[in-house]
Amino acid sequence: MPESLLIRGGRLVDPIASIDALRDIRVSGIVLEIGEHLEAMSGEQVVDANGAIVSPGFIDMHVHLREPGEPQKERIETGTQAALRGGFSAIACMPNTSPALDDPASIESLLAAVAQRAHCRVYPIAAITRRREGEELCDLDALSEAGAVAFSDDGGWTRDARVMAEAAKAAAHLEAPLISHCEPEEAAAARDLLLALVSEKRWHLAHLSTRRALEMLLAARAQGARVSAEATPHHLLCTQEGAHANGTSTRVNPPLRSEDDARALREGVRDGAIDVLASDHAPHTAEEKKEGAPGFSGLEVAVGAYAAALPDLPLSRFIALLSANPARILNLEGGTLQPGRPADVTIFRDEPWRVDASSFVSLGTCTPFDGATLPRRVVATIVGGEVRYRA
Ligand code: NCD
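Residue numbers (my numbering): 2 to 392.
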């Protein structure tokens with residue numbers, strides 16, 4: 002267990018523990034104690050959080066780490082360093098790699114690489130079907146046993162309804178949810194919401210982006226479907242109409258939508274319809290972007306962009322959307338800073354900063370937020386009691 006660390010003078014906001022107050026917090030690998038005035042012990046490392054907000058470590062449940070197979074786009078090292086800069090102590094990574102994360106050996110070898118090279122916690126999401134081709138179901142039990150925290154054919158849609166129904170049956174007894182990667186969005190969401198209703202399996206809708214899809218989600222929930230949903234920074238804040246005419250650099254899946262859709266998403270976050278903020282960090286090289294590859298580098302700007310999109314969102318809700326809720330959906334240990342829990346902590350300030358994508362540590366530098374001034378800035382990210390990033 003690492004030496005203890007005292008985080009002093011910050012506003013601690015932990016929605017699960019119902020705390021929003023000036024508190025000091027002492028951690029080592031786990032949270033040791035929380036108090037109004039904790040004295041530093043001799044030799045103890047102290048982090049001054051005066052004027053800052055101290056929160057359970059943020060979790061981004063939608064990240065493309067690109068390993069194995071596409072190191073020109075991202076690597077475990079760069080993707081997890083980008084996560085730390087963005088305030089994320091943990092990320093879940095998508096299986097649209099080369100080869101796909103579709104068998105236990107691929108999950109095991111990814112986790113072995115993570116143990117050696119990752120800077121933050123990484124939880125793999127496995128494919129639903131072999132090679133993500135939508136035909137042959139993976140061995141979901143074995144994938145879950147190997148460490149997969151959810152299942153998704155990200156990058157594509159599991160087109161055959163019978164295969165998806167079979168997946169819901171095969172995963173019924175597993176904690177790991179099925180993630181719907183809906184393309185085309187509304188037809189796909191309608192089908193998966195119906196399947197969620199009849200299967201009673203827990204589902205999660207990735208990057209929800211239209212008003213109609215949101216309305217369908219609410220209707221399915223009203224009938225008892227157990228479905229959570231996420232929104233990305235770009236769908237909350239950027240629109241087709243607003244996308245400046247810089248060719249392919251605004252290409253993303255799902256595409257940027259209308260101002261009415263973006264407004265509906267922001268309302269959905271405010272009123273609780275949307276459970277999670279997730280970046281869909283999808284880095285590509287500059288060359289690949291020129292050729293039309295869809296996706297943005299999201300980790301390093303996400304927190305600032307969420308705050309820009311949702312300026313009036315209460316802080317405790319902002320934090321729940323980034324910590325407690327993804328932890329609950331993926332059955333992860335984090336999400337709260339109660340004593341005894343893992344000492345994953347994010348410290349941030351409401352302070353404007355200007356995005357300069359050329360300074361990203363991610364290998365992907367395409368973001369619609371380049372040059373923008375964002376109102377919230379991460380100042381430190383702590384993983385298991387170790388300060389892994391400090392601005
Ligand atoms: C994703 C990627 O690059 O892996 N891109 C994206 O625009 N979200 C895959 C995908 O969803 O198509």
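The C-beta atom is built at its ideal place from N, Cα and C for all residues, glycine as well.
Under the three-state reduction of DSSP, G30 is assigned to coil, being neither helix nor strand.
Scanning the region 114–180 for uninterrupted beta strand (DSSP E) segments of 3 residues or longer gives 122–127, listed from N- to C-terminal end.
Taking 7 Å as the cut-off, one finds at least one heavy atom of the ligand NCD near enough to the beta carbon of D281. Taken through DSSP and simplified to helix, strand or coil, E387 comes out as strand. By the neighbour-count criterion, in which a residue is buried when 16 or more other Cβ atoms sit within 10 angstroms of its Cβ, H38 is exposed. Assigned with DSSP and collapsed to three states, G36 falls in strand.
Annotated as proximal: L194 and M217, with beta-carbon spacing under 8 Å. Cβ atoms of A189 and D154 stay farther apart than 8 Å, at about 11 Å. Membership of V199 in any beta strand (DSSP E) is not indicated; the residue belongs instead to the alpha helix (DSSP H) covering E186 to S200. In the structure shown, the three-state DSSP call for H235 is helix. Annotation: the region 204–283 contains the following complete segments of the beta strand (DSSP E) (minimum length 3 residues), in chain order: 204–206 and 228–232. A contact is defined here as three or more CB-CB pairs under 8 Å, and the region 24–33 meets this definition with respect to the region 5–14. With distances taken between CA atoms, M95 lies nearest to P284 out of P284, R329, S324 and E4. In the structure shown, I8 falls within a strand segment according to DSSP collapsed to helix, strand and coil.
Fully enclosed alpha helix (DSSP H) runs of no fewer than 4 residues occupy 77–86 of the region 65–99, in order along the chain. Around the beta carbon of Q82, a 10 Å sphere encloses 16 or more other beta carbons of the protein chains shown; the residue is thus reported as buried. Under DSSP, the beta-bridge partners assigned to F349 are I54 and V379. For V304, the uninterrupted alpha helix (DSSP H) run begins and ends at A303 to A310, by DSSP. The region 231–245 makes no contact with the region 68–79: fewer than 3 CB pairs, one atom from each, lie closer than 8 Å. Assignment of beta-bridge partners to V47 by DSSP yields L7.
Contact between the region 289–303 and the region 38–53 is absent: fewer than three C-beta pairs spanning the two stretches fall below 8 Å. Between T337 and A279, the gap from beta carbon to beta carbon reaches 8 Å or more. Taking a C-beta distance under 8 Å as the contact criterion, H120 and A93 do not qualify as a contact pair. Distances from the CB of P295 to the heavy atoms of the ligand NCD include at least one below 7 Å. A Cβ-Cβ separation of about 25 Å leaves A214 out of contact with E176 under the 8 Å criterion. F152 is positioned such that its CB atom lies closer than 8 Å to that of I180.
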